Amino acid sequence: MNPHYVITLAESEVARIEPQGAALQVVLAATTAQAFRHGQPSEAGALLGLVLEVQQAHTQGLAVLGDGLGRVRSAALQAGPQRLQSWALPWEGVAQGTLAMEFANGSHISISGSDWRLLVPNDLRFLPSMAC
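Counting in the working numbering, the final residue of the sequence shown is number 134, and the numbers go up one at a time with none missing.
Here it is as structure tokens:
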């Protein structure tokens with residue numbers, strides 16, 4: 003049976019934030035995740051290859067978008083009255099929202115836009131945590 007995942011942007015690694023046509027993509031190198039398998043304890047780890055995409059995006063904060071943004075210290079997606087810090091896959095997305103992220107290097111970015119969705123690769127990989 004395939005596992006179910008709950009992801010959290012905090013403690014994830016952002017590879018880059020880049021425009022992609024009319025959209026803006028937050029390309030995640032590794033996304034903090036919990037894997038849930040029926041009848042087994044949950045397992046902490048990371049999912050590889052996820053991309054958070056938003057249409058009609060407006061950004062504030064980081065002066066330069068691009069490569070090497072690094073570890074996310076904290077993150078939340080404000081969607082109307084909901085403040086999402088984690089969500090289960092598959093995720094249906096949100097119509098309107100603002101994502102606020104603080105990175106380990108102290109930089110911040112706020113991304114507002116519409117039609118938030120998570121692009122999941124067909125070959126989604128889960129790496130179990132090696133933490134003791």
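Even for Gly, the Cβ is constructed at its ideal location relative to N, Cα and C.
No experiment lies behind these values; they were computed from the predicted model shown.
Would you report the Cα separation of E13 and R75, rounded to the nearest angstrom?
Each residue's Cα considered, the two are about 6 Å apart.
Report all residues from its chain with a CB closer than 7 Å to the CB of T10; omit the five preceding and five following residues, and keep chain order.
Result list for T10: T34, Q87, S88, in chain order.
Which of the three DSSP states, helix, strand or coil, is assigned to V53?
V53 falls in the strand class under three-state DSSP.
Please state whether the Cβ-Cβ distance between G51 and L101 is less than 9 Å.
No, they are not a contact pair.
Closest by CA to P177, which one among S114, P92, A81, H110?
Examination of residue 177 is not possible in this model, given that the chain is present from 3 through 134 alone.
Would you mind stating whether L54 and L120 have Cβ atoms separated by less than 9 Å?
Yes; because the gap between Cβ atoms is below 9 Å, this pair is in contact.
With distances taken between CB atoms, is the gap from L26 to G115 smaller than 9 Å?
Contact flag set, yes.
Below 8 Å on the Cβ atoms is my contact criterion, and I expect V131 with G47 to pass it. Report the Cβ-Cβ distance as a whole number of Å.
Position check: residue 131 holds Ser in this sequence, whereas Val was assumed. Rounded, the Cβ-Cβ distance is 5 Å, consistent with contact.
Can you pull the DSSP bridge partners for H120?
For the record, residue 120 in the displayed sequence is Leu; it is not His. Paired residues: L54.
Identify the continuous beta strand (DSSP E) that holds E15 and give its terminal residues.
6-22 is the extent of the beta strand (DSSP E) around E15.
Can you grab the Cα-Cα spacing for the pair F105 / A133, in whole Å?
C-alpha separation (whole angstroms): 21 Å.
Whose C-beta lies closer than 7 Å to the C-beta of R85 among residues of the same chain, with five residues either side of it excluded?
Excluding residues within five positions, the ones whose Cβ falls inside 7 Å are A78.
Under 6 Å Cβ to Cβ from G95, same chain only, skipping five residues before and after it: list those, please.
Same-chain partners within the cutoff: W118, R119.
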